[in-house]
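Q: Protein sequences, first through last, are from chains A and B. FYI, the numbering for the first sequence is 354 to 554, going by this note's numbering. FYI, the numbering for the second sequence is 354 to 554, going by this note's numbering. One structure coming up, written as structure tokens, with questions to follow.
Protein chains: 2
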Amino acid sequence: MAAATHRLIAHAGLDAATMAAVAREAGFSVGLVQHYFASKDELLLFAYKQMSEHQLARVARMVAEGEADAQPIRAILLRCMPELWPLDEARRGEYRVATAFHARALDVPTVAEVARETAAVVSGQIARAVENGKECGEVEPGTDAERAALELSALVTGLADELYGEPERRRGDRPLIETAEAILKDRLGSYFPGECHHYDR
Amino acid sequence: MAAATHRLIAHAGLDAATMAAVAREAGFSVGLVQHYFASKDELLLFAYKQMSEHQLARVARMVAEGEADAQPIRAILLRCMPELWPLDEARRGEYRVATAFHARALDVPTVAEVARETAAVVSGQIARAVENGKECGEVEPGTDAERAALELSALVTGLADELYGEPERRRGDRPLIETAEAILKDRLGSYFPGECHHYDR
DNA sequence: GGGATAACAATACGAGCGTATGGCTTCCTC
DNA sequence: GAGGAAGCCATACGCTCGTATTGTTATCCC
């Protein structure tokens with residue numbers, strides 16, 4: 354049911370995710386949806402939570418893989434952050450759902466809470482990555498990790514917005530996505546200028 | 354009527370801006386609202402357009418004032434960009450309205466068109482500022498203006514999101530807004546490292 | 001000064017929504 | 001093997017919304 358809700362919102366917005374539409378999309382009756390979710394708000398909140406968890410789990414898996422390969426933190430972040438960008442149809446769908454709930458969060462406190470927690474996890478992971486970078490020599494000791502996390506998470510979400518509008522747009526001979534990646538790479542390079550000196554990682 | 358629509362959306366979201374609510378808020382009858390707007394979509398689009406125009410006009414006025422005072426381009430941008438941030442109640446309202454329509458733009462092409470145009474104006478102004486900076490010596494000649502505009506506009510919108518959630522949040526002894534301004538200042542400083550050498554500006 | 005046109009209001013209508021209700025099957029448990 | 005919970009469905013109810021309809025009052029132009 355959450356998957357059906359996700360599909361409907363991704364395809365036609367929150368307004369399209371009515372009880373009847375969700376039931377039809379999921380192949381069930383309206384009554385059954387009510388049997389599992391006491392209200393529509395509960396259904397929407399569950400679908401939102403689940404999508405956020407999926408996104409965070411994917412990122413966590415990429416981090417784990419990067420650490421297993423002993424990649425520098427800078428490289429791990431560079432591969433993780435575009436995971437939240439609308440680069441293929443699946444992630445464009447996630448972007449649409451996230452955007453719809455981002456607006457809903459302005460008026461529904463329970464949604465705002467989930468959005469806040471998700472954002473805090475992302476910021477926290479970036480800040481922790483910077484702290485780890487200090488220990489292994491990639492990051493200058495004096496770097497403000499919280500500030501770096503604020504800038505980088507703002508940049509990632511802002512670039513996601515820019516990328517969504519014109520996915521086909523090109524600047525000269527390069528697609529926009531490459532420019533966005535280059536921007537992110539440069540910014541990461543300024544926060545992670547050093548080489549990791551932990552050979553056992 | 355557009356002002357009433359703006360107030361309703363800012364206070365309780367797009368769903369609260371019904372025909373009846375707008376009419377009541379504006380002090381008119383439903384029939385009169387229909388007399389001026391053929392449909393609800395038309396009303397919403399008009400209100401959205403008007404708000405975007407107001408924002409762009411405010412920024413344009415700040416740019417003109419800065420130019421009249423012969424301020425460096427870097428300083429003008431540093432004062433203009435936070436104009437789009439939710440720093441006081443009026444601009445928090447604008448942020449809420451903009452966010453609501455940002456989500457609606459995913460499903461309504463006419464809204465998407467306005468959003469695209471507004472974003473293009475902002476990006477264009479930043480890119481033009483960078484080009485002007487090259488001529489007057491504030492910007493290195495090799496700088497990619499379009500790329501700078503992409504990064505800076507993404508950063509501004511991303512920071513707006515971060516600032517909205519916790520307006521009271523502090524990092525140590527400083528409020529979050531000061532960190533955001535410092536980030537913006539540093540980024541502008543990296544794109545505008547030089548001094549303006551046009552004494553007649 | 002009269003007739004079109006615009007400003008403005010009251011209300012009716014039909015559609016779509018979330019939810020409540022009642023009932024039917026399936027399956028496990030004691 | 002009886003009974004109760006859980007899975008599942010169809011439908012009715014009440015409400016709200018956008019819009020259509022029909023009107024009344026003002027304004028303005030020739």
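Every residue gets a Cβ at the ideal spot worked out from N, C-alpha and C, and that includes glycine.
Report the three-state DSSP secondary structure of A439 (chain A) (helix, strand or coil).
A: With the sequence shown as reference, residue 439 (chain A) is identified as Pro, and Ala is not the correct amino acid for it. Correct three-state label for P439 (chain A): coil.
Q: On the CB-based measure, 16 or more other CB atoms within 10 Å of its CB, does E418 (chain B) come out buried or exposed?
A: Exposed, since its Cβ has fewer than 16 Cβ neighbours within 10 Å.
Q: Have a look at A513 (chain B) and A451 (chain B) and give me their C-alpha separation to the nearest angstrom.
A: 11 angstroms
Q: Okay, do the segment 486-504 of chain A and the segment 534-552 of chain A touch, 3+ Cβ pairs below 8 angstroms being the bar?
A: The segment 486-504 of chain A is in contact with the segment 534-552 of chain A.
Q: Return helix, strand or coil for P528 (chain B), following the three-state DSSP convention.
A: strand
Q: Below 7 angstroms CB to CB, which residues in the same chain sit around I530 (chain A) once its five sequence neighbours on both sides are set aside?
A: L440 and L516
Q: Reducing DSSP to helix, strand and coil, say where R481 (chain A) ends up.
A: The answer is helix: DSSP assigns R481 (chain A) an H, G or I state.
Q: Below 8 angstroms on the Cβ atoms is my guess for V386 (chain B) versus M354 (chain B); work out the distance and round it to an integer in Å.
A: 6 angstroms
Q: For the structure I just gave you, are there three or more beta carbon pairs, one from the segment 399-408 of chain A and one from the segment 444-462 of chain A, closer than 8 angstroms?
A: yes
Q: Using the Cβ count rule (16 or more neighbours within 10 Å means buried), how would you classify V388 (chain B)?
A: Here residue 388 (chain B) is His; the residue named in the question, Val, does not match the sequence. With fewer than 16 other Cβ atoms within 10 Å, it is exposed.
Q: Give me, in chain order, the residues of the same chain whose beta-carbon lies closer than 8 angstroms to that of D369 (chain A); leave out the 5 immediate sequence neighbours on both sides.
A: For clarity, residue 369 (chain A) is Ala in the given sequence; the question names Asp instead. If we look at A369 (chain A) and ignore the five residues flanking it on each side, its Cβ neighbours are L361 and I362.
Q: For L459 (chain A) and G366 (chain B), which I take to be in contact (beta-carbon distance under 8 angstroms), what is that distance rounded to the nearest angstrom?
A: 6 angstroms
Q: Do you know offhand how far L397 (chain A)'s Cα is from C489 (chain B)'s?
A: 53 angstroms
Q: Does DSSP put Y544 (chain B) in a helix, a strand or coil?
A: helix
Q: Assuming V483 (chain B) and A507 (chain B) make a contact with CB atoms under 8 angstroms, what is their CB distance in whole Å?
A: The C-beta distance from V483 (chain B) to A507 (chain B) rounds to 15 angstroms, too long to meet the 8 angstroms contact threshold.
Q: Suppose contacts are defined by Cβ-Cβ distances below 8 angstroms. Is F381 (chain B) in contact with F390 (chain B) by that definition?
A: no
Q: Taking Cβ positions only, does E484 (chain B) come closer than 8 angstroms to chain A?
A: No, E484 (chain B) does not count as interfacial toward chain A.
Q: Tell me which same chain residues have a C-beta within less than 8 angstroms of the C-beta of I429 (chain A), skipping the five on either side of it?
A: M415, V416, G419, E420 and A482
Q: Output, in chain order, the set of chain B residues within a Cβ distance shorter than 9 angstroms of D526 (chain A).
A: None at all; the shortest Cβ gap to chain B is about 13 angstroms.
Q: Terminal residues of the continuous alpha helix (DSSP H) containing L398 (chain A)?
A: K393 to A421
Q: L537 (chain B): buried (16+ other C-beta within 10 angstroms of its C-beta) or exposed?
A: buried
Q: Do T471 (chain A) and L541 (chain A) have their C-beta atoms closer together than 8 angstroms?
A: no
Q: Chain B partners of T471 (chain A), CB-CB under 9 angstroms?
A: Correct list: empty, because the minimum Cβ distance to chain B is about 11 angstroms.
Q: Quick one: is E521 (chain A) buried, meaning 16 or more other Cβ sit within 10 Å of its Cβ, or exposed?
A: exposed
Q: Alpha carbon to alpha carbon, how far is L431 (chain A) from E378 (chain B)?
A: 49 angstroms
Q: Which residues of chain A have a Cβ atom closer than 8 angstroms to the Cβ of G542 (chain B), listed in chain order?
A: Correct list: empty, because the minimum Cβ distance to chain A is about 12 angstroms.
Q: Based on DSSP bridge pairs, tell me the residues matched to R523 (chain B).
A: B:P528
Q: Tell me whether A370 (chain A) sits in a helix, a strand or coil according to DSSP, three-state version.
A: It is coil, neither helix nor strand.
Q: If the criterion is Cβ atoms closer than 8 angstroms, does the pair V375 (chain B) and T358 (chain B) meet it?
A: yes
Q: Taking all protein chains shown into account, decide if A456 (chain A) is buried (16 or more other Cβ within 10 angstroms of its Cβ) or exposed.
A: buried
Q: What did DSSP end up calling P494 (chain B) once you bin it into helix, strand or coil?
A: coil
Q: When the distance is taken between beta carbons, is T510 (chain B) closer than 8 angstroms to G511 (chain A)?
A: yes
Q: Identify which residue in B:E534, B:R500, B:A480 and B:V475 has its Cα closest to the Cα of R500 (chain A).
A: B:E534
Q: From G518 (chain B) to R411 (chain A), what does the alpha carbon distance come to, in whole angstroms?
A: So the two alpha carbons sit approximately 25 angstroms from each other.
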